[in-house]
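Asks: Take the sequence shown: its position 36, counted from the start at 1, is 50 in this note's numbering, and no numbers get skipped. Submitted below is the structure of interest, expressed as structure tokens.
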Amino acid sequence: MRELLVERGVVDDDVDRQIGADASRSWQQGARLVSRAWVDPAYRQRLLTDAKAAARELDVDADAIKEFVVLENTEEVHHLVVCTLCSCYPRAVLGDPPAWYKSEAYRSRAVREPAAVLAEFGWEPPEQMRIVVVDSSADRRFMVLPRRPRGSEGMSEADLRGLVTRNSLIGVGEPRPVADA
Numbered sequence: 015m016r017e018l019l020v021e022r023g024v025v026d027d028d029v030d031r032q033i034g035a036d037a038s039r040s041w042q043q044g045a046r047l048v049s050r051a052w053v054d055p056a057y058r059q060r061l062l063t064d065a066k067a068a069a070r071e072l073d074v075d076a077d078a079i080k081e082f083v084v085l086e087n088t089e090e091v092h093h094l095v096v097c098t099l100c101s102c103y104p105r106a107v108l109g110d111p112p113a114w115y116k117s118e119a120y121r122s123r124a125v126r127e128p129a130a131v132l133a134e135f136g137w138e139p140p141e142q143m144r145i146v147v148v149d150s151s152a153d154r155r156f157m158v159l160p161r162r163p164r165g166s167e168g169m170s171e172a173d174l175r176g177l178v179t180r181n182s183l184i185g186v187g188e189p190r191p192v193a194d195a
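What follows is the structure in structure tokens.
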């Protein structure tokens, strides 16, 4: 069908290329960035200071995002990403957002009661952990660098990639535990 549309001039080559690029985007690109950051401290630092340039190093094109920021979760701080106005999301890196991300319920409750929202996604942060809710906008999009799972030392970058989940890249969950990989 696509070839026919291009052949008949309904869709030109530029539009066809863009459709192909959009279809290839998924949260797995974000998982590649995270797994590299977990094994390469210098790359991790570059990802946190200039996410677009670090993404380019792995052939992930984040240039369509005006400002792309990666926030690191630690033992003390957990980031939760939301867009309170609409559904701004780093599609160029993570593909299409999940349906719930765009819902009014998620957008309002994530700000008012982030711990309850996290619990509904199946993860309860330790009491001493501070939850920081970050609000994406048309100009600034966020991705979370989740904490590396305990027991993953010695795992390859490819195996680590299998621990990353879409939810961990948004901050509504953690990566898979090593036993679940």
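By construction, the Cβ of each residue, glycine as well, lies at the ideal position given by its N, Cα and C atoms.
Rounded C-beta distance between alanine 69 and alanine 78? I'm assuming under 8 Å.
Replies: The residue given as residue 69 occupies position 55 in the sequence shown. The residue given as residue 78 occupies position 64 in the sequence shown. Contact flag wrong, Cβ pair sits at about 11 Å.
Asks: Taking C-beta to C-beta, are glycine 187 and tryptophan 114 nearer than 8 Å?
Replies: Here residue 187 refers to the residue found at position 173 of the sequence shown. Here residue 114 refers to the residue found at position 100 of the sequence shown. For glycine 187 and tryptophan 114, no; Cβs fall outside 8 Å.
Asks: Please state whether the Cβ-Cβ distance between alanine 51 and leucine 159 is less than 8 Å.
Replies: Taking the first residue of the sequence shown as position 1, residue 51 is located at position 37. Taking the first residue of the sequence shown as position 1, residue 159 is located at position 145. In this structure, leucine 159 lies closer than 8 Å to alanine 51 by Cβ.
Asks: On the DSSP bridge list, what partners appear for arginine 70?
Replies: To locate residue 70, count along the sequence shown from 1; it is residue 56. Partner(s): none; arginine 70 has no beta bridge.
Asks: Leaving out five residues on either side along the sequence, give the residues of the same chain with a beta carbon under 7 Å from the beta carbon of arginine 175.
Replies: Within the sequence shown, residue 175 is the residue found at index 161, counting from 1. Excluding residues within five positions, the ones whose Cβ falls inside 7 Å are Ala45, Arg46, Ser49.
Asks: For alanine 152, which residues in the same chain have their Cβ closer than 7 Å to its Cβ, ignoring the five residues on either side in sequence?
Replies: What you label residue 152 is simply residue 138 of the sequence shown in a count that begins at 1. Cys102.
Asks: Buried or exposed for arginine 31, please, with buried defined as at least 16 other CB atoms from any protein chain shown within 10 angstroms of its CB.
Replies: Reading the sequence shown from its first residue, position 17 is the one you call residue 31. Summary for arginine 31: the model assigns pLDDT 47, below 50, so the residue's position carries little reliability, and this model does not support an answer.
Asks: Of the residues Arg161, Pro112, Arg121, which one's Cα is nearest the Cα of proline 139?
Replies: Here residue 139 refers to the residue found at position 125 of the sequence shown. The shortest C-alpha separation from proline 139 is found at Arg161.
Asks: Residues bridged to valine 147 by DSSP?
Replies: In the sequence shown, counting from the first residue as 1, residue 147 sits at position 133. Its beta-bridge partners are Leu94.
Asks: Does the region 85-93 come within contact of the region 144-151, defined as at least 3 CB pairs closer than 8 Å?
Replies: A contact exists between the region 85-93 and the region 144-151.
Asks: Any beta carbon from chain D within less than 8 Å of phenylalanine 82's own beta carbon?
Replies: This model lacks chain D altogether; it includes just one protein chain.
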